[in-house]
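Be aware that the sequence shown starts at 464, since it is given in my numbering, and climbs by one per residue. In what follows, a structure is listed as structure tokens, so that the remarks can point back to it.
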Amino acid sequence: MTTDWDIQPRSHACTACQQPFADKARYHTLLSLADAGYTRRDLCDACYRGISRDGVLSYWQGEYKQPPPPAPEAIQKDTAETLLKKLVAEADPAKAPACYILAVMLERKRILKHRDTVTDAQGRELLVYEHSINGESFTLPDPHLRLDQLEDVQQQVAELLRPTEKKEAEPSIGPASESPAGEAKVN
């Protein structure tokens with residue numbers, strides 16, 4: 464025998480009067496069986512007193528706990544995106560590894576999409592990224608990072624992403640590979 468469970472989370476407001484539950488307020492939950500399946504109703508004290516209990520299969524009460532605010536992301540998307548735009552605009556070949564790490568981070572968050580890898584007139588590989596929302600294109604030199612270089616570059620990027628009031632000094636990002644870094648530009 465197979466049973467499909469329709470799990471319904473606790474409401475953040477009374478299903479009858481639509482008033483949000485206050486932190487530590489008592490709420491009442493009624494579980495009923497309707498034609499479409501189980502129906503959960505979370506009610507405040509006032510609405511619970513005036514509602515019919517016909518057809519109720521289960522009842523319980525609890526204390527509403529205000530959910531905590533969502534934890535901030537370790538690295539904010541717009542901060543990483545803003546920093547990438549700033550570094551690309553600077554066109555400093557020494558910062559190519561940091562640009563690459565930021566682009567990969569934003570690609571993993573589906574902000575940027577890797578569209579192509581092209582070779583410029585000097586024979587350097589350029590990575591072409593497109594912003595998934597506004598269509599802006601980024602052309603970044605491929606720094607050809609080795610695994611043993613990633614940790615240092617990631618630490619440098621983390622330092623660049625710290626709020627300016629916490630920075631003691633602007634870190635300099637040195638070249639992370641022997642291959643020359645090309646120009647970075649925003650199209």
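Using N, Cα and C, we set each Cβ at its ideal position, and we do this for glycine too.
Within 8 Å, strictly: CB atoms of residue i and residue j
i, j, result
"L493", "L506", "yes"
"L546", "L565", "yes"
Residue i (DSSP reduced to helix, strand or coil)
i, result
"R614", "What sits at residue 614 in the sequence shown is Glu, not Arg. In this structure, E614 counts as helix in the three-state DSSP scheme."
"T466", "Only weak support exists for where T466 lies, its pLDDT of 49 falling under 50; the coordinates are left without a value."
"Y511", "helix"
"A497", "strand"
"E526", "strand"
"R625", "coil"
"A476", "strand"
"P531", "coil"
"K576", "strand"
"R503", "strand"
"R489", "strand"
Residue i versus the options, residue with shortest Cα-Cα distance
i, options, result
"Q524", "L546, P606, Q585, Y511", "Y511"
"Y527", "C477, L575, A543", "C477"
"Q585", "L575, P604, M568", "P604"
"E599", "R578, D583, Q612", "R578"
Beta-bridge pairing of residue i - partner residues as DSSP gives them
i, result
"P604", "L589"
"D517", "Looking at the DSSP assignment, D517 forms no beta bridge with any residue, so it has no partner."
"P556", "Per DSSP, none; premise fails for P556."
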